[in-house]
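Read through the structure below, which is laid out as structure tokens, and then see the notes.
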Amino acid sequence: MEVLKSASKIVFILMALATVGALFIGKISGDQFLLLAGMAFSFYFSNKGDSGQPFGGK
Numbered sequence: 842m843e844v845l846k847s848a849s850k851i852v853f854i855l856m857a858l859a860t861v862g863a864l865f866i867g868k869i870s871g872d873q874f875l876l877l878a879g880m881a882f883s884f885y886f887s888n889k890g891d892s893g894q895p896f897g898g899k
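Note that the sequence shown ends on residue 899 in this note's numbering; no numbers are left out.
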């Protein structure tokens, strides 16, 4: 699996699952979910980094 070769993708998926889980068990509100999800998605898709360097991007 290609996803398991990238630390940033693993962290992104774990954060997304934790946020959705917290929403469904009532630990966070819908407003907090939108804020957290928006920050995570904007960072993930805007942080390209230098793929030639170790840990330098996706």
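All C-beta atoms in this analysis are idealised placements derived from N, C-alpha and C, irrespective of residue type, glycine included.
- Within the model, the alpha-carbon separation for Ile851 versus Leu875 is close to 20 Å.
- The beta carbons of Ala881 and Met856 sit closer together than 7 Å.
- In the displayed model, Ile851 falls within a helix according to three-state DSSP.
- Listed in chain order, the non-local C-beta contacts of Thr860 below 8 Å within the same chain comprise Ile869, Phe874, Leu877, Ala878, Ala881, local neighbours out to five positions each way being set aside.
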